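Visitor: First the structure, then my questions, so here it is.
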Amino acid sequence: MRVFIAAGGTGGHVFPSLCVAKKLRELGDHEVFFLGTRRGLEARVIASCGFPVLYVSARGWDRRIGLQMFRMLGENFLGFCAMGWYFLRYRPQAFFAMGSYLSLLGGLWAKILRVPIYLHEQNVYPGLANRIVARWARKVFLSFEETKEY
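Numbered per full-length UniProt numbering, the sequence shown spans residues 1 to 150.
This is the structure in structure tokens:
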């Protein structure tokens with residue numbers, strides 16, 4: 001099974017995603033690809049663990065009105081297009097969202113292409129990307145019981 005994992009930015013997303021990827025590899029016939037940026041921790045850590053990283057241009061959601069917001073929107077639009085190309089080229093059978101802004105971009109493509117979505121939330125209070133993608137997820141994995149409230 002070909003699996004895409006979206007994890008980026010911080011160790012809180014990257015290291016749990018590596019555990020998932022290693023377990024999938026251990027279970028056997030799984031081909032795991034990470035979706036990430038060249039700026040984030042994933043660019044150094046994941047590639048050094050032997051997993052392929054498909055790079056996209058993306059950044060966190062800046063909700064303040066201003067020049068940075070337009071830059072973020074433009075960069076995320078380019079990232080969304082690149083991610084769509086990866087989804088169409090590699091045809092994953094599952095998408096695993098770890099909660100970064102990349103999870104929202106990949107979650108949209110997974111929803112459009114009807115790829116099953118699995119989501120993991122590492123925090124008590126889920127981020128915006130996970131709150132949106134959770135609506136489409138086949139299964140949501142939580143680290144804390146309190147997270148069910150959200």
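Glycine is no exception: its CB is placed at the ideal position from the N, C-alpha and C atoms.
Keep in mind that this is a model prediction, so the values were computed, not measured.
Is residue 30 helix, strand or coil by DSSP?
Guide: Taking the first residue of the sequence shown as position 1, residue 30 is located at position 30. Note: residue 30 maps to coil in three-state DSSP.
Visitor: If you compare alpha carbons, which of 138, 139 and 40 is closest to residue 60?
Guide: Taking the first residue of the sequence shown as position 1, residue 60 is located at position 60. Nearest option by C-alpha distance: 40.
Visitor: Can you list, in chain order, the residues of its chain whose CB lies under 7 Å from that of residue 146, leaving out five sequence neighbours each side?
Guide: Position 146 of the sequence shown, counted from the start, is the residue given in the question as residue 146. Contacts found: 124.
Visitor: At the level of alpha carbons, what is the spacing between residue 30 and residue 71?
Guide: For this step, residue 30 is matched to residue 30 along the sequence shown. For this step, residue 71 is matched to residue 71 along the sequence shown. Approximately 36 Å between the Cα atoms of the pair.
Visitor: Please tell me whether residue 14 and residue 42 are closer than 8 Å, where the distance is taken between their beta carbons.
Guide: In the sequence shown, counting from the first residue as 1, residue 14 sits at position 14. In the sequence shown, counting from the first residue as 1, residue 42 sits at position 42. Yes, the pair counts as a contact, with Cβ atoms nearer than the cut-off.
Visitor: Counting C-beta neighbours from all protein chains within 10 Å, is the total for residue 77 16 or more, i.e. buried, or is it exposed?
Guide: Residue numbering aside, residue 77 sits at position 77 when the sequence shown is read from its first letter. Answer is exposed; the Cβ neighbour count stays below 16.
Visitor: Cα-Cα, which of 119, 131, 141 and 80 is closest to residue 112?
Guide: Position 112 of the sequence shown, counted from the first residue, corresponds to residue 112. Checking every option, the nearest Cα to that of residue 112 belongs to 80.
Visitor: In chain order, what residues of the same chain lie with their CB nearer than 7 Å to the CB of residue 104, ignoring the 5 residues before and after it?
Guide: Mapped onto the sequence shown, residue 104 falls at position 104. Excluding sequence neighbours, residue 104 sits near 129, 132 and 133.
Visitor: Use the C-beta contact count for residue 69: other C-beta atoms within 10 angstroms, 16 or more gives buried, fewer gives exposed.
Guide: In the sequence shown, residue 69 corresponds to position 69, counting from 1. Classification for residue 69: exposed.
Visitor: Roughly how many angstroms lie between the CA atoms of residue 18 and residue 44, to the nearest whole one?
Guide: Residue numbering aside, residue 18 sits at position 18 when the sequence shown is read from its first letter. Residue numbering aside, residue 44 sits at position 44 when the sequence shown is read from its first letter. When rounded, the distance between both Cα atoms is 12 Å.
Visitor: Taking buried to mean at least 16 other C-beta atoms within 10 Å of its own C-beta, is residue 65 buried or exposed?
Guide: Position 65 of the sequence shown, counting from 1, holds the residue named residue 65. Under this definition residue 65 is an exposed residue.
Visitor: What would DSSP say about residue 14, mapped onto helix, strand or coil?
Guide: Within the sequence shown, residue 14 is the residue found at index 14, counting from 1. Residue 14 falls in the helix class under three-state DSSP.
Visitor: Who are residue 139's beta bridge partners in DSSP?
Guide: What you label residue 139 is simply residue 139 of the sequence shown in a count that begins at 1. For residue 139, which the question treats as bridged, DSSP gives the partners 118.
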